[in-house]
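Structure first, then comments.
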Amino acid sequence: MSIVIQGVTKFFGEQKALDNVFFEVKTGEIVGFLGPNGAGKSTMMKIITGFIPASSGQVYVNGLEVGVDNLEVKKQIGYLPENNPLYPEMYVREYLGFVASIYKTGLPKKKQIDNIIELTGLAPEQKKKIGSLSKGYRQRVGLAQALILNPGVLILDEATAGLDPNQIVDIRNLIKEVGKEKTVMLSTHIMQEVEAICDRVIIIDKGVIVADEEKSKIYSLIKRPKQVIRVEFDKDTKESLLADIGNVSKVSLINNNLWLIEAEGDEDIRPAIFNFAVRNTLTVLSLQKQESNLEDVFRNLTNA
Ligand code: ADP
Ligand code: MG
748 MSIVIQGVTK FFGEQKALDN VFFEVKTGEI VGFLGPNGAG KSTMMKIITG FIPASSGQVY
808 VNGLEVGVDN LEVKKQIGYL PENNPLYPEM YVREYLGFVA SIYKTGLPKK KQIDNIIELT
868 GLAPEQKKKI GSLSKGYRQR VGLAQALILN PGVLILDEAT AGLDPNQIVD IRNLIKEVGK
928 EKTVMLSTHI MQEVEAICDR VIIIDKGVIV ADEEKSKIYS LIKRPKQVIR VEFDKDTKES
988 LLADIGNVSK VSLINNNLWL IEAEGDEDIR PAIFNFAVRN TLTVLSLQKQ ESNLEDVFRN
1048 LTNA
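Mind the numbering: the sequence shown is residues 748 to 1051 in the numbering used here, read in order.
Here it is as structure tokens:
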């Protein structure tokens, strides 16, 4: 179950929402599709799921061309659209039965619905109207409808948006659990979501893919010094002296005696800073290495 995007461009009138996008999601991967608001994430997902056509380019889901084999493609994709549109007047079971019936799978419906209700933790709320459920449970209903046909591919557009922290953890765990057996693409503008769930990250900005990397390698894309150290001394010292420490590339005074020291190279600069302090009869009050995080990468690549 793979997704292949080949040169997809999408115009809305004059506006280009996607610009010659290429990427692949391989079988079993969980890929985070990250980008600021308006980057083109939802548009890409609507094109993958066959809900809107691309202006040009091709999309293949498990070898089937979207737009050509649309009904077959829709059977193989579970889609949770942004804002999770539901029917508030429908009961949970009734709604899931309705969704299952649309594509006429021929599977035993009751058992299928029971399984999904169990899997998504909807059992306690299954007899209620959708409109009376909490946002967290509504999101479970959205995931349940995406899973009802047991699709190989899941497309989840901002699945945790608007949830409280506990609900976010629950939904992320659920995605991780069901994602073990599926190919998953999830959009988000939250970096921690990618860190928590994904194997790979694709970053989009203004309709253009700006990064496509394994999660562990994404940090290497960042254009920033290798080491950033915050150090506080007990008294005044000179910037030019600090700048002379080996491998130091930049020194800035944050306030009073608190400095930000940037250094290149792989050798840890911290011992040299300690030695500097000793030589200059300074006491180190605090010393911290600042780690790069995904948020830095994101800002660096998208100017967000
Ligand atoms: P994201 O999901 O990353 O926030 P979208 O894919 O929703 O971004 O939007 C990408 C761009 O395309 C935005 O500038 C948005 O205004 C525009 N856009 C999206 N859908 C439509 C539409 N149906 N008609 C006109 N413009 C649209
Ligand atoms: Mg969106």
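Don't be surprised by glycine CBs; every beta carbon is placed ideally from N, CA and C.
Grouping DSSP H, G and I as helix and E and B as strand, with all else coil, what is residue i?
i            : result
residue 748  : coil
residue 1044 : helix
residue 763  : strand
residue 791  : helix
residue 987  : helix
residue 834  : coil
residue 981  : coil
residue 842  : helix
residue 822  : helix
Run the proximity test for residue i: is its beta-carbon closer than 7 Å to any non-hydrogen atom belonging to the ligand ADP?
i           : result
residue 788 : yes
residue 762 : yes
residue 758 : no
residue 785 : yes
Whole-angstrom Cβ separation of residue i and residue j, contact assumed at under 8 Å?
i           : j            : result
residue 899 : residue 974  : Not confirmed; about 44 Å, so no contact.
residue 813 : residue 795  : 7 Å
residue 958 : residue 1048 : 5 Å
residue 839 : residue 877  : 6 Å
residue 918 : residue 826  : In fact, because the Cβ distance is near 16 Å, the residues do not count as touching under 8 Å.
residue 804 : residue 755  : 4 Å
residue 880 : residue 860  : Not quite, the Cβ-Cβ distance comes to about 16 Å (not below 8 Å), so this is no contact.
Going by DSSP, name the residue or residues bridged to residue i.
i            : result
residue 1028 : DSSP lists no partner for residue 1028.
residue 699  : Here the chain covers residues 748 to 1051 and nothing more, so residue 699 does not appear.
residue 811  : 808
residue 803  : 756
residue 1010 : 974, 995
Could you say which of the options lies nearest to residue i if we only look at CA atoms?
i            : options              : result
residue 985  : 1000, 806, 838       : 1000
residue 777  : 750, 807, 836, 1024  : 750
residue 1105 : 954, 976, 945        : With the chain represented from 748 up to 1051, any question about residue 1105 goes unanswered, as that position is not in the structure.
residue 783  : 1033, 955, 758, 1019 : 955
residue 849  : 815, 896, 834, 886   : 896
residue 779  : 924, 905, 1007, 1035 : 905
For the ligand MG, any of its heavy atoms closer than 7 Å to the Cβ of residue i?
i            : result
residue 1052 : Only positions 748 to 1051 of the chain appear in this structure, which leaves residue 1052 out of reach.
residue 829  : yes
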